[in-house]
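Peer 1:
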Amino acid sequence: LLAGAVALLASERPAPTRLGVRTRGMLIGLTTILGFFATWSLVGNQALFAAREAVARGDWVDARNHGRRADALLVWSHEPQLVIAAAAAGAGDRQGALVAARAAVDQSPRSWIAWLQLARVARGAERAAAYDHVHDLNPRFEDRAGD
Numbered sequence: 048l049l050a051g052a053v054a055l056l057a058s059e060r061p062a063p064t065r066l067g068v069r070t071r072g073m074l075i076g077l078t079t080i081l082g083f084f085a086t087w088s089l090v091g092n093q094a095l096f097a098a099r100e101a102v103a104r105g106d107w108v109d110a111r112n113h114g115r116r117a118d119a120l121l122v123w124s125h126e127p128q129l130v131i132a133a134a135a136a137g138a139g140d141r142q143g144a145l146v147a148a149r150a151a152v153d154q155s156p157r158s159w160i161a162w163l164q165l166a167r168v169a170r171g172a173e174r175a176a177a178y179d180h181v182h183d184l185n186p187r188f189e190d191r192a193g194d
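Here the sequence shown stands for residues 48 to 194, where the numbers follow my numbering.
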């Protein structure tokens with residue numbers, strides 16, 4: 048996209064203009080920063096995908112390890128916490144699953160999937176409240192385990 052935008056701008060100008068040393072330095076710096084963050088996100092998403100695959104295989108230790116790495120890198124996302132919760136639940140660590148599911152809900156309270164993960168590991172009033180949130184956020188969801 049960046050190259051396309053530059054090409055469009057360049058095609059509209061009648062005569063090319065030379066960039067100053069300062070402008071070039073700023074563009075190189077900006078490109079470096081954007082590249083760093085793109086790589087950071089790529090590595091975090093690879094860890095998240097590896098964690099999801101480990102959950103699908105039932106490899107709870109591997110899922111937890113990859114999930115923690117993804118959580119450390121993707122600090123803006125609640126999804127690593129969901130994978131960590133699933134891994135903990137699969138390993139029989141209900142308390143760990145609760146902590147991770149609550150963290151996912153705290154980070155993204157408008158995610159019905161985060162509330163569903165919490166509902167599946169919580170008990171009592173917390174479970175009922177979580178299923179209520181799931182239904183509020185996604186009225187078409189029909190899991191009756193919360194009723």
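Virtual Cβ for every residue (Gly too), placed ideally from N, Cα, C.
Quick caveat: nothing in here was measured; it's all calculated off a predicted structure.
Taking contact to mean 3 or more Cβ pairs, one atom from each stretch, closer than 8 angstroms, check whether the stretch 142 to 157 and the stretch 122 to 134 are in contact.
Peer 2: Because the criterion of three Cβ pairs below 8 angstroms is met, the stretch 142 to 157 and the stretch 122 to 134 touch.
Peer 1: Spatial neighbours of R149 within its chain, please: C-beta separation below 7 angstroms, excluding the five flanking residues on both sides.
Peer 2: Contacts found: L165.
Peer 1: To the nearest angstrom, how far is the alpha carbon of D167 from that of P156?
Peer 2: Note on residue identity: the sequence assigns Arg, not Asp, to residue 167. About 16 angstroms.
Peer 1: Tell me the DSSP secondary structure of A136 in three-state form.
Peer 2: Three-state DSSP puts A136 in a helix.
Peer 1: In the DSSP assignment, find the unbroken alpha helix (DSSP H) run with V168 in it and report its ends.
Peer 2: Element bounds for V168: 159 to 168.
Peer 1: For the stretch 79 to 124, which segments carrying the alpha helix (DSSP H) assignment without a break, of at least 4 residues, lie completely within its bounds, in sequence order?
Peer 2: DSSP runs (the alpha helix (DSSP H)) wholly in the stretch 79 to 124: 107 to 120.
Peer 1: Here's a check: name, in chain order, each residue in its chain whose Cβ is nearer than 7 angstroms to the Cβ of D109, leaving out the five neighbours to either side.
Peer 2: Excluding sequence neighbours, D109 sits near A101.
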